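Visitor: Counting with mature numbering (1 follows the signal peptide of the UniProt record, and there is no 0), you get residues -20 to -1, 1 to 93 for the letters of the sequence shown. Note that CB positions come from ideal geometry on N, CA and C, so glycine has one too. Computed from a predicted model, the values in this text were never measured in an experiment.
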Amino acid sequence: MQKRPLTAVLLLATSLSAFAGTKLEGTTTLKDSQPYGVKDTEHKHQAYDLSFEAKGKSYTCRTDPNKSMNATDFVVGTDMTYKIDGNKAKIKTPQNKEVECKIVRVEALQKLQ
């Protein structure tokens, strides 16, 4: 009789870990920064798609159009630190300028043969 509750607990523990967000941190180079959408009465600020590579994948994250971001703070080709938690990311420059964004695309990088 005790096997059944133990099995249920193990099943629950493994299923919860499968749904847990992937957490990554590190330093990388900003590959691209492109404006996304247009400003209007509902979206008060310009949104941007920021691209970078991390742990063998290429990520594109989109900034919140309801929060401001100074595009000149995020210079393509410069180093930055990133924190990825599930589909959310934070990007920070060496000058401590930080932006939060939502991961909208992930691509596996091609391996050299």
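For Gln21, which option in Tyr28, Pro45, Thr40, Lys35 has the closest C-alpha, if you only look at C-alpha atoms?
Guide: What you label residue 21 is simply residue 41 of the sequence shown in a count that begins at 1. Strictly speaking, residue 21 in this sequence is Thr, with Gln absent from that position. For Thr21, the nearest C-alpha among the options comes from Pro45.
Visitor: The beta strand (DSSP E) spanning Phe32 covers which residue range?
Guide: Within the sequence shown, the letter at position 52 stands for residue 32. Phe32 -> beta strand (DSSP E) spans 27 to 34.
Visitor: Does Ala88 pass the burial test, meaning 16 or more other C-beta atoms within 10 Å, or should it be called exposed?
Guide: In the sequence shown, the residue the question calls residue 88 occupies position 108. Flag for Ala88 reads exposed.
Visitor: I'd like the list of long-range same chain contacts for Val79, defined as Cβ closer than 6 Å, with 5 residues on each side in sequence excluded.
Guide: The residue given as residue 79 occupies position 99 in the sequence shown. Counting only Cβ-Cβ distances below 6 Å, and skipping sequence neighbours, we find Thr43, Met49, Ile71.
Visitor: At the level of alpha carbons, what is the spacing between Met60 and Lys24?
Guide: Working through the sequence shown from its first residue, we reach residue 60 at position 80. Working through the sequence shown from its first residue, we reach residue 24 at position 44. Cα to Cα, Met60 sits roughly 26 Å from Lys24.
Visitor: Relative to the alpha-carbon of Pro15, which residue among Lys68, Gly57, Tyr39, Ser31 has its alpha-carbon at the smallest distance?
Guide: As a first step, residue 15 is located in the sequence shown; it is residue number 35 there, counting from the start. If we check each option's Cα against that of Pro15, Ser31 comes out closest.
Visitor: If you draw a straight line from the C-alpha of Glu33 to the C-alpha of Gly57, how long is it?
Guide: Looking up residue 33 in the sequence shown gives position 53. Looking up residue 57 in the sequence shown gives position 77. Near 12 Å, if we compare the C-alpha coordinates of Gly57 and Glu33.
Visitor: Counting only the same chain and skipping the five closest in sequence on each side, list residues whose C-beta sits under 8 Å from that of Thr9.
Guide: Here residue 9 corresponds to residue number 29 of the sequence shown, with the count starting at 1. Taken in chain order, the residues that qualify are Phe32, Glu33, Gly57, Thr58, Asp59, Met60.
Visitor: For a quick check, are the C-beta atoms of Asp53 and Lys3 less than 8 Å apart?
Guide: Translated into positions along the sequence shown, residue 53 becomes position 73. Translated into positions along the sequence shown, residue 3 becomes position 23. No, the pair does not count as a contact, with Cβ atoms beyond the cut-off.
Visitor: Cα-Cα, which of Lys47, Val55, Pro74 is closest to residue 155?
Guide: Outside the shown range of the chain, which is -20 to 93, sits residue 155, and nothing can be said about it.
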